[in-house]
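*Asks:* So the sequence shown is numbered by our numbering: it starts at 831 and just counts up by one. In this text, a Cβ means the ideal position worked out from N, Cα and C, and glycines have one as well. Can you keep this structure in mind? I'll have questions shortly.
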Amino acid sequence: MCAQPLLQVKNLSVSLNRNRVSFLAVDSLSFDVFPGQTLAIIGESGSGKSITAQSLMQLLPEENFSLSGEALFNKENLLDRKNTNAKVLFGSKISMIFQNPLASFDPVFTIEQQFHEVIRTHLGISNKMAHEQMLAVLRETGFQDPERCIKLYPHELSGGMLQRMAIAMTLLTSPDLLIADEPTTALDVSVQYQILQLLKTLQKKTGMSLLIITHDMGVVAEMADDVFVLYAGRMAEYSSVQEIFHSPAHPYTEDLLASRPSQYRQQTFVPIAGQPPHYTSLPKGCCYSPRCRKAQPICFEKSPDSLSLNDHHRVRCWLYE
């Protein structure tokens, strides 16, 4: 792996400002994404996964959210809202696809019109070249009859076809980093697999990096090189996908793995007790302590620091202090 990260996130924090009160939704996250690598951020609903991804793209409204820390890409801080150089990267060198592909398209314009808008904004090439490039990326993403498909409106396509369209649109600008926020959650199981395989094929062909946001350990196993386990906006564990599955350190990671239904596992799956906390009312100490089967008295009093178990494995848990 290249020694120089493509994306370097340092102490990213996101605060939600509501009625003159500030709540820390994401707290001091640090991680790297290397060229050609896939990093998966996993956690339950409400863990701060999507807020983390949206903060990197400056998609959170400034009047409601405050950002701190750094997210360095090509030496530009993506969190700096005044950085015009960073804004140029969005949609060109950094692209994003979302959980609901229908929300990514304007319903009153055809697919062709929306593709042309991206090309005009980021590439500035002739209409003929734009049309040829549009058809090329659609064929690359599995469309057998792209000439017909581009004349359609978004509602005339299935969810799987729309997600392919969204992926194709990102390829127009040859991004170095693609952020995929729950890219398969709204799709049928068979279509989910097709989309994941498409992303893997495109990554191998183009060398782009992937930052995948998911709650699905199956997606992590299929796609990830490294895994960042997120709970209540805080890092629980970070390691390679092999160590996460075979030597998980944090009780939350263990519980995520145990809660997976699997036809290959003899024992029945075990749901995680309780509910994730809301960032407006986080518990004292370790945020996972009220649900943790290994909790000690100190877990309810003080939050643990990040501890390195080896060069590529970090955990925040009092069991290792």
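If you draw a straight line from the alpha carbon of Leu968 to that of Trp1148, how long is it in whole angstroms?
*Replies:* So the alpha carbons of these two residues sit roughly 50 Å apart.
*Asks:* Classify Val938: buried if its beta carbon has 16 or more other beta carbons within 10 angstroms, exposed otherwise.
*Replies:* So Val938 counts as exposed.
*Asks:* Report buried or exposed for Lys981, applying the criterion of at least 16 other Cβ atoms within 10 angstroms of its Cβ.
*Replies:* Exposed is the call here.
*Asks:* Per DSSP, what are the beta-bridge partners of Gln838 in this structure?
*Replies:* Bridge partners of Gln838: Asp862, Leu902.
*Asks:* Rounded to whole angstroms, what's the CA-CA distance from Asn957 to Thr1003? Just pull it up for me.
*Replies:* Going by the C-alpha atoms only, they are around 15 Å apart.
*Asks:* According to DSSP, is Val1049 part of a helix, a strand, or is it coil?
*Replies:* Note: Val1049 maps to helix in three-state DSSP.
*Asks:* Could you check where the beta strand (DSSP E) with Ser880 kicks off and where it finishes?
*Replies:* First-last for Ser880: 879-886, but that is the alpha helix (DSSP H), not the beta strand (DSSP E).
*Asks:* For a test of the three-state rule: what should DSSP assign to Ile871, helix, strand or coil?
*Replies:* In this structure, Ile871 counts as strand in the three-state DSSP scheme.
*Asks:* If you check the beta carbons only, do Ile924 and Leu1007 fall under 8 Å apart?
*Replies:* Cβ atoms of Ile924 and Leu1007: closer than 8 Å.
*Asks:* Is His1080 helix, strand or coil when you go by DSSP?
*Replies:* In this structure, His1080 counts as coil in the three-state DSSP scheme.
*Asks:* May I ask you to report which of helix, strand or coil DSSP gives Ala1054?
*Replies:* Note: Ala1054 maps to coil in three-state DSSP.
*Asks:* Helix, strand or coil for Ser1119 per DSSP?
*Replies:* Helix, per DSSP.
*Asks:* So what's Arg1146 in DSSP terms, helix, strand or just coil?
*Replies:* The answer is coil: DSSP assigns Arg1146 none of H, G, I, E or B.
*Asks:* May I ask you to report which of helix, strand or coil DSSP gives Phe939?
*Replies:* Of the three classes helix, strand and coil, the one that applies to Phe939 here is coil, per DSSP.
*Asks:* What residue range does the beta strand (DSSP E) around Glu1067 cover?
*Replies:* Run containing Glu1067: 1064-1070, per the beta strand (DSSP E) assignment.
*Asks:* Count the other CB atoms, across all protein chains shown, that sit within 10 Å of the CB of Val851; report buried if there are 16 or more and exposed otherwise.
*Replies:* It is exposed - the Cβ of Val851 has fewer than 16 other Cβ atoms within 10 Å.
*Asks:* Report buried or exposed for Ala1103, applying the criterion of at least 16 other Cβ atoms within 10 angstroms of its Cβ.
*Replies:* The residue is exposed, with fewer than 16 neighbouring Cβ atoms inside 10 Å.
*Asks:* Which of the three DSSP states is assigned to Thr1044 in this structure?
*Replies:* The answer is strand: DSSP assigns Thr1044 an E or B state.
*Asks:* Measuring CA to CA, which of Gly1048, Cys1122, Met1047 is closest to Pro1081?
*Replies:* Taking only the C-alpha atoms, the option nearest Pro1081 is Cys1122.
*Asks:* Roughly how far, in whole angstroms, is the beta-carbon of Leu1032 from the beta-carbon of Leu992, given that I think they are within contact range, below 8 Å?
*Replies:* Between Leu992 and Leu1032 the Cβ distance is about 17 Å, and since that is not below 8 Å, they are no contact.
*Asks:* Just the Cα atoms here: how many angstroms apart are Ala1062 and Arg848?
*Replies:* One C-alpha to the other measures close to 18 Å.
*Asks:* Which word fits Pro1127, buried or exposed, when buried means at least 16 other C-beta atoms lie within 10 angstroms of its C-beta?
*Replies:* So Pro1127 ends up on the exposed side.
*Asks:* Report the three-state DSSP secondary structure of Tyr1061 (helix, strand or coil).
*Replies:* It is a strand residue.
*Asks:* From this set, Asn907, Leu889, Asn894, which residue's C-alpha is nearest Lys840's C-alpha?
*Replies:* Cα-wise, what sits closest to Lys840 is Asn907.
*Asks:* List, from N- to C-terminal side, the beta strand (DSSP E) runs of 3 residues or more that fit wholly inside the region 942-1005.
*Replies:* Segments of the beta strand (DSSP E) lying fully in the region 942-1005: there are none.
*Asks:* Let me confirm a value: Asp975 is counted as buried when at least 16 other C-beta atoms fall within 10 Å, else exposed. Which label applies?
*Replies:* With fewer than 16 other Cβ atoms within 10 Å, it is exposed.
*Asks:* Looking at the strands, I want to know which residues DSSP matches up with Asp1011.
*Replies:* Answer is Ile1043, bridged to Asp1011.
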